Amino acid sequence: MIAVGLSLALAWDEPKWAMFAVIYCALGNEGESFHKGLMRILATFMGGGLSLVFMALFNEHRWAFGAAVACWIFLCSYMMQDNRRYYVWFVGGWLTILMPIYSSENSALAFEIVMLRLEETLLGVLVYTFVANVLLIDHQRRNFMHKLRDQIENLKQVLSDLHVAYREGSAAANEKNRLDRSRQALALQTDFHNRIDAGIIESFDIINNRDAWRRTIDEFTALVNLMNSLSIDLQTFNSQYLLKALPDIRPVLLEIERRLDQSVAILDGAQTVEPPRKAPLPSIDQIDASGDVFDHGAVLISLETLADIDQHSANLLLAVAEARGIVVEGAYSHRDVDVKRAPTRSIIPDPEKIALALRTTLTFWLAFAIYIFVPDFPNGTSAILLSTIYGMFLAMKPTTYLPAVEALGSVTIVIAGIMHMIIMPQLSSYLGLGIMLYVYMFIGAWLFHQPEHAPVRFIVLGFVAMALQIANDQAYSFYYTANLLIVYQVPFILLWLTRSAPVSFRPEAAFQRLLRRYMASFRYLIEDIRHDQRASGSRWWRRQWRAYHLRNLMRIPDKMATWVSVMPEAAMNGEEKKQGQALCLSLYALTTGMMDLHRLGRVSDSLDMIERMYPTTHAWRVALENLAENFHDAPDALPTANGLTARLHTYLMQVRSDVRDTLNRGAEAANSCTAKALLRELSAYRSLSETLISATQQASALHWERLRESRF
405 MIAVGLSLAL AWDEPKWAMF AVIYCALGNE GESFHKGLMR ILATFMGGGL
455 SLVFMALFNE HRWAFGAAVA CWIFLCSYMM QDNRRYYVWF VGGWLTILMP
505 IYSSENSALA FEIVMLRLEE TLLGVLVYTF VANVLLIDHQ RRNFMHKLRD
555 QIENLKQVLS DLHVAYREGS AAANEKNRLD RSRQALALQT DFHNRIDAGI
605 IESFDIINNR DAWRRTIDEF TALVNLMNSL SIDLQTFNSQ YLLKALPDIR
655 PVLLEIERRL DQSVAILDGA QTVEPPRKAP LPSIDQIDAS GDVFDHGAVL
705 ISLETLADID QHSANLLLAV AEARGIVVEG AYSHRDVDVK RAPTRSIIPD
755 PEKIALALRT TLTFWLAFAI YIFVPDFPNG TSAILLSTIY GMFLAMKPTT
805 YLPAVEALGS VTIVIAGIMH MIIMPQLSSY LGLGIMLYVY MFIGAWLFHQ
855 PEHAPVRFIV LGFVAMALQI ANDQAYSFYY TANLLIVYQV PFILLWLTRS
905 APVSFRPEAA FQRLLRRYMA SFRYLIEDIR HDQRASGSRW WRRQWRAYHL
955 RNLMRIPDKM ATWVSVMPEA AMNGEEKKQG QALCLSLYAL TTGMMDLHRL
1005 GRVSDSLDMI ERMYPTTHAW RVALENLAEN FHDAPDALPT ANGLTARLHT
1055 YLMQVRSDVR DTLNRGAEAA NSCTAKALLR ELSAYRSLSE TLISATQQAS
1105 ALHWERLRES RF
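Right, here's the structure in full:
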């Protein structure tokens, strides 16, 4: 209301832009809102400036102009995915269309409009910040501290589950929580970094220690993933052998729990902290090697994971203390996080992100073609703008149910039309207009105040700001509202047409495509596992491909689980959805096993034992490759889980015999570096095999014929 009043008092032509800045930047607290406002201002600079460049270069060539804008929209649609500063790319993308629309392709007028847009955006952000300072009491710093504290408390519960798992020798009771924890960890990592960015604006405490806070978030995320990995590893253990091999594991977990308690206390305001003590980790040399070779290897893997948990929990405590300005004295010399070489970051683009960006670009081209070839289409410029905005939104949220969005927007436009044509003509002053705006905005913000309701709130409030057409020289037109309602249907028609281009974005098709991509990456990584390729001298391009496929394995289970949750009943009923989610969990476990396999790093003084066992490991790898290939090509014709399990047990017995013979004949002891590396690798292969068999069983429970049916 204040932003609109100031815009009208300054005789600015488009007060709705100030309203948009308030509506779309209004978040839960002052810091987050101002941070989003700054991103909107930066996007206005970027998009507005680029639109001026495009108009200067291609003002007389509309197809060249369209091609330039399409390339920019493709880039923005790609970059905004999985990016915590997505809002800059989102707004900067469609703003290149907005400026030519309002300037009627007049370059001189376009500059004035860019400046007006920038001024009104800045006005809206400043007004909201001022009101937030006066009225709001939920500050970003306190909000950030409380949420981080709650998440560390949740991590303590995970640690408690590990206590039970070690005592019982099984982690099956908590399987259903692992994928959720992993997805939550990834989401929280992005969310917390966003909160730090926002807190930098609001709090000197955060800005002065921002690096320590970022380390805190990274250590927390690493801890969640490592605990999930350890929980999965426990499924391969024999409980009696585990208790015999790791008799002193409980003191280690108690020390880690104490560190988490200390971290929570610091976040609650404690000014002193007891430094992390050295956890009594069992020595690898003390582990009994007389048990089953696979359980022995699993213990070795688990011990490495436990050592990493010990490392990251200590670093988490130290990072939290540093972030709060507390000096920790007497901390023991701990391993640095960077001792292990970080995985290569792949520059190879994600095909799924490319497909989503191409869909947005194609939607823009269709709307642009309507504008060119149907010149009498009502408000065709708005059709281009809305189609691009919704296309870019779907690039971020491809599982959005579009009919619900269409219905909500249409109802909002009708309500705004009633306000525009019936209520507003009766108002004689800005006071009446302000009261009307305040009542509607208050009701909309109150009903949809939760963070998960933000898209609904933006539609309910934003389209009213667009449809009211508030100006000093107010005009009222039924045709404008009717045309806006008609134009609003165009984006959804175009998005319906492009849901199969360049690939199908129906839930059942996306689920199958992602499963094929996952299995292709899994097969590549199995084939890629060779001793010589793990050395630092492996080729850069091969390391890039390896990192690319590892990235696929880490991201795809989460995306598949999201598609399963929105699967139509005709493709996957309620019971099958449970199996689909269980399949995603198995794929996540496969990812964990593959990450274990790639981070083991074999250390050996002699290759004699490795060469003798090579036929065994090679045959096992080929068997896994073949099963993954069958999964990729024909998931509906996989061998039965019972048959695969029987074959695996037979093969395990043969491998046990081969390993024992190799150890007995070899010159190296069973506890040598080479022997331990071999046992770890064989144990990791067993874990992968059992998890892949579990995934086969869950995939067999799905009705693949229904999933492959064509639907419209």
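If you count the sequence shown from 1, you need to add 404 to reach our numbering. Glycine residues also receive a C-beta, built at the ideal position from the N, C-alpha and C atoms. Computed from a prediction, not measured in an experiment: that's the story for all the values here.
- Annotation: the continuous alpha helix (DSSP H) that includes K420 extends over P419 to C429.
- In the three-state reduction of the DSSP assignment, M971 falls in the coil class.
- In this structure, Q983 lies near Q1102, with their beta-carbon atoms less than 8 Å apart.
- Pairing N487 with E516, the inter-Cα distance amounts to about 31 Å.
- Within the region 780–840, the alpha helix (DSSP H) runs of at least 4 residues that lie entirely inside it are, in chain order, 784–800 and 806–822.
- Inter-residue distance for N510 and P504 is about 7 Å (C-alpha atoms, whole angstroms).
- Taking a contact as a CB-CB distance under 8 Å, the pair L410 and L527 counts as one, their CB atoms being some 6 Å apart.
- Judged by their CB atoms, T765 and A536 are not nearer to each other than the 8 Å cut-off.
- Per the Cβ contact rule, the region 861–876 is in contact with the region 819–836 (3 or more Cβ pairs under 8 Å).
- Of the residues Q485, E523, A471 and A512, the one whose Cα lies closest to the Cα of I501 is A471.
- Comparing alpha-carbon positions, the option among I890, F548, W945 and P802 lying closest to A787 turns out to be I890.
- Taking a 10 Å sphere around the C-beta of P680, we find 16 or more other C-beta atoms and assign the residue as buried.
- Going by DSSP, F462 is part of the alpha helix (DSSP H) stretching over E434 to F462.
- Distances from the alpha-carbon of L929 to those of L559, L513 and R1025 put R1025 closest.
- C-alpha of V703 to C-alpha of L721: approximately 27 Å in a straight line.
- Around the CB of M796, 16 or more other CB atoms lie within 10 Å, so the residue is classed as buried.
- The alpha-carbon separation between Q1058 and L664 amounts to approximately 44 Å.
- In the structure shown, M845 adopts helical secondary structure according to DSSP, grouped into three states.
- Taking the C-beta atoms as reference points, L851 is found no nearer than 8 Å to A871.
- For H465, the number of other beta carbons within 10 angstroms of its own is below 16, and it is reported as exposed.
- Sequence-distant partners of G813 (beyond 5 residues in either direction) whose C-beta falls short of 7 Å from its own C-beta, in its chain, are I863, F867 and Y892.
- Collapsing the DSSP output to three states places K682 in coil.
- With a threshold of 16 other beta carbon atoms within 10 Å, F896 meets it and is buried.
- If you look at H700, you'll find it in the alpha helix (DSSP H) that goes V697 to A727.
- Shown here for V809: not one same chain residue has a beta carbon closer than 6 Å to its own, the five before and five after excluded.
- Here DSSP, grouped into helix, strand and coil, assigns V628 to helix.
- A1088 sits away from D962, with the two beta carbons spaced by 8 Å or more.
- The Cβ-Cβ distance between S635 and L566 falls below 8 Å.
- Inter-residue distance for G496 and G451 is about 4 Å (C-alpha atoms, whole angstroms).
- N487 sits in coil when the DSSP states are folded into three classes, being neither helix nor strand.
- Of all C-beta pairs linking the region 789–806 to the region 768–775, three or more are shorter than 8 Å, placing the two stretches in contact.
- When secondary structure is reduced to three states using DSSP, R921 falls in the helix class.
- Judged by DSSP in its simplified three-state form, F909 adopts coil rather than helix or strand.
- Here M964 is near L991, since their CB atoms are less than 8 Å apart.
- Bounds of the alpha helix (DSSP H) holding L664 are I653 to L671.
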